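Reminder that position 232 of the sequence shown reads as 1418 in this note's numbering, one-by-one numbering, no gaps.
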Amino acid sequence: MGDRIIAGVDLAWLGTRNPTALAIGRIAGNSVILHSVSGGHYGIGAVIEALSCVPSLHGVAIDAPLVISNEFGMRTCERELGCAYGGRKASCHASSLARYPNSDGVMLSNYLERLGFRHLGPTGQRWQLECYPHPALIEIFGLRERLPYKKGTVGQKRVGQIELGRLICSLATSSVLPLHVPDDVRRQVEPDHIQRLVGRELKRNEDMLDAIICMYIGALYQAGQRDQVFGSVDEGYIYVPAFRG
């Protein structure tokens, strides 16, 4: 497969108010190694600066709308994904030009395009893709429905994050694409650490877990695994891996 550097971006849709998280991984042979994960990147400028510091970046998987052409309502890809996963509590939010006239996701995507990162481009070249963790987690782990780690009480969020951390660690033995999480970047997935978190730090950890999942989704794309793409590059799309392993 060859070594490739992949970034996962849990992008805040309103980046001056909320922070973005980034995870960087390296595909080596038939596995992927998590190299770093960070949170607290405020504003699209900070995200671009962080990505520009990643040497030999090959692919970027982003949880945010990257192509918005509809004036109002939902994008076609959002409606299609809702039809496929709504019954499993994994629909997505609506995005439109009226709601997000100056979308950080679109700005980041346009920046990457200028550097040669093509939407759903060939894996031998630089690429970018829009992803969505909830349906991806359902597919990767064979879940019945969306994993509840974002809503509820503090205790419920902790339980959800601990379960997501356990699932991420279980990818070490994946028969499809093993994920290695070295000791120096394991903190975000460790139950003892998550159990102590409250407030902004709990949300920050959630963002970083999402970024790890985005990076892994990107690694699956690079590895050429089966997928399903809702919508189109011209009008907006969402990439979801379509296998379990």
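Virtual Cβ for every residue (Gly too), placed ideally from N, Cα, C.
Please read all numbers here as calculations on a predicted model, not as lab measurements.
- In the three-state reduction of the DSSP assignment, isoleucine 1254 falls in the coil class, being assigned neither a helical nor a strand state.
- Residue pairing of glycine 1245 in beta bridges, as defined by DSSP: Ile1192 and Trp1313.
- For valine 1218, the uninterrupted beta strand (DSSP E) segment begins and ends at 1217-1227.
- Of the residues assessed, histidine 1320 falls on the buried side of the cut-off, its CB having 16 or more other CB atoms within 10 angstroms.
- Between serine 1289 and serine 1255, the alpha-carbon positions lie close to 11 Å from each other.
- Along the region 1264-1327, the alpha helix (DSSP H) occurs as fully enclosed runs of 4 or more residues at 1290-1300 and 1319-1327, listed in sequence order.
- Per the coordinates, the alpha-carbon of cysteine 1239 lies some 14 Å from the alpha-carbon of glycine 1245.
- Serine 1295 is a Cβ neighbour of valine 1253, given a cutoff of 9 Å.
- Using a C-beta cut-off of 8 Å, the region 1217-1230 makes contact with the region 1356-1364, since at least three inter-stretch Cβ pairs fall below that distance.
- Between valine 1415 and valine 1384, the gap from beta carbon to beta carbon reaches 9 Å or more.
- Ranked by Cα distance from alanine 1193, the options Tyr1228, Thr1202, Val1233 and Pro1205 are led by Val1233.
- Per the coordinates, the alpha-carbon of tyrosine 1407 lies some 8 Å from the alpha-carbon of aspartate 1413.
- Put simply, the backbone Cα of aspartate 1370 is about 45 Å away from that of phenylalanine 1258.
- Around the beta-carbon of asparagine 1391, 16 or more other beta-carbon atoms lie within 10 Å, marking it buried.
- For threonine 1206 against leucine 1200, the beta-carbon gap comes to about 11 Å, at or over 8 Å, which does not count as contact.
- Within the same chain, Gly1229 come within 6 Å of threonine 1202 by CB-CB distance, once the 5 residues on both sides are set aside.
- For valine 1426, the uninterrupted beta strand (DSSP E) segment begins and ends at 1422-1427.
- Going by C-alpha positions, proline 1368 is about 19 Å away from aspartate 1393.
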